[in-house]
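Participant: Structure in structure tokens, see below.
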Amino acid sequence: MADKTRPSKRPLEMRLARLKILETPTLKLEQYPVSPEVAAELLYMAGFEHNDLQGRVIDLGTGTGRLAIGAALMGSRHVVGVDTDPRALALARTNAASAGVEVDWVESDIDKVCGRYDVVIMNPPYGTRTLHSDVRFLDRAFRIAPVTYSIHKSSTRDFLVKYVARSNRRIGEARSMNMEIPHLFGFHTQKWKSVEVDLCRIIG
């Protein structure tokens, strides 16, 4: 169990940075990894500022597990990571073992995820390849947990605020960060690309 006093985020960032990411991600799935800095900020917002990570936590679209493993490192009682890509989940299992934590990994489409959780954490697709794929993730999150922590491109902020309101939810807190995305696809022209994202706590 992690110490619940509030240390610096830097050690968590460093541990998350050591986790492996997919070297050949699938563009259609928008497999952009959440950066260690953004992941640590989201986890600290959830765990230390709002005390939301003590119970059952699920990471939708977990990829190689950075958010799920981070939640486990912070002492969550039960963490589940869900993804459709078996390659990503295989690497997530390796990452969890190297981090020394236990996470239940589930290969599934998010639309088939059921049950009740205390909180959802996720870095969903931004909808740049499949229109409104982010909305699918939000809808499922709202069905299975009362609190959602989600990362979205800041350029979609107005849409997100309106959609959350139509879903009878509200954004209780949001903060903006620049997330560094590594060169992953052939059309990338730079080694790193900086994208402004909003880290949102969405509640009923």
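Residue numbers for the sequence shown follow this note's numbering, so the first one is 923 and each next one is one higher.
Using N, Cα and C, we set each Cβ at its ideal position, and we do this for glycine too.
Tell me the DSSP secondary structure of E1024 in three-state form.
Facilitator: coil
Participant: In chain order, what residues of the same chain have a beta carbon less than 6 Å from the beta carbon of I1125, not counting five sequence neighbours either side?
Facilitator: V1069, G1094
Participant: Excluding the five sequence neighbours on either side, which residues of its own chain have a C-beta within less than 6 Å of the C-beta of V1001, listed in chain order?
Facilitator: V979, A990, A993, A994, V1025
Participant: According to DSSP, is S1089 helix, strand or coil?
Facilitator: coil
Participant: Pairs of beta-carbons, one from the region 954-972 and one from the region 928-941, closer than 8 Å: are there three or more?
Facilitator: yes
Participant: Which same chain residues end up closer than 7 Å to D890 when comparing Cβ atoms and leaving out the 5 residues on each side of it in sequence?
Facilitator: The structure shown does not extend to residue 890, since the chain is modelled only from 923 through 1126, so no value can be given for it.
Participant: By DSSP, does S1072 sit in helix, in strand, or in coil?
Facilitator: Secondary structure of S1072 (DSSP, three-state): strand.
Participant: Comparing C-alpha positions only, which one of R1123, E971, Q976 sits nearest to N1045?
Facilitator: R1123
Participant: Identify the residues that DSSP records as bridge partners of V1134: which are they?
Facilitator: In this structure the chain extends from 923 to 1126, so residue 1134 is not present and cannot be described.
Participant: Is M936 helix, strand or coil when you go by DSSP?
Facilitator: helix
Participant: Going by CA-CA distance only, name the one from A1067, G1022, E945 that's closest to V1035.
Facilitator: A1067
Participant: Decide if the region 1008-1025 is in contact with the region 939-949; the criterion is three or more beta carbon pairs, one per stretch, under 8 Å apart.
Facilitator: yes
Participant: Thinking C-beta only, is A1096 closer than 9 Å to R1079?
Facilitator: yes
Participant: Going by other Cβ atoms of all chains shown within 10 Å of its Cβ, with 16 needed for buried, is G977 buried or exposed?
Facilitator: exposed
Participant: For L1011, collect the residues of the same chain with a Cβ closer than 6 Å to its Cβ; drop the 5 residues on either side in sequence, then sort them by chain order.
Facilitator: Excluding residues within five positions, the ones whose Cβ falls inside 6 Å are D1005, W1027, E1029.
Participant: Tell me which residues share the same chain as Y966 and place their Cβ nearer than 6 Å to its Cβ, disregarding the 5 neighbours each side in the sequence.
Facilitator: Cβ contact annotation for Y966 (same chain, cutoff 6 Å, sequence separation greater than five): K931, in chain order.
Participant: Using only CA atoms, which one of T986, L1013, A968 lies nearest to M996?
Facilitator: A968
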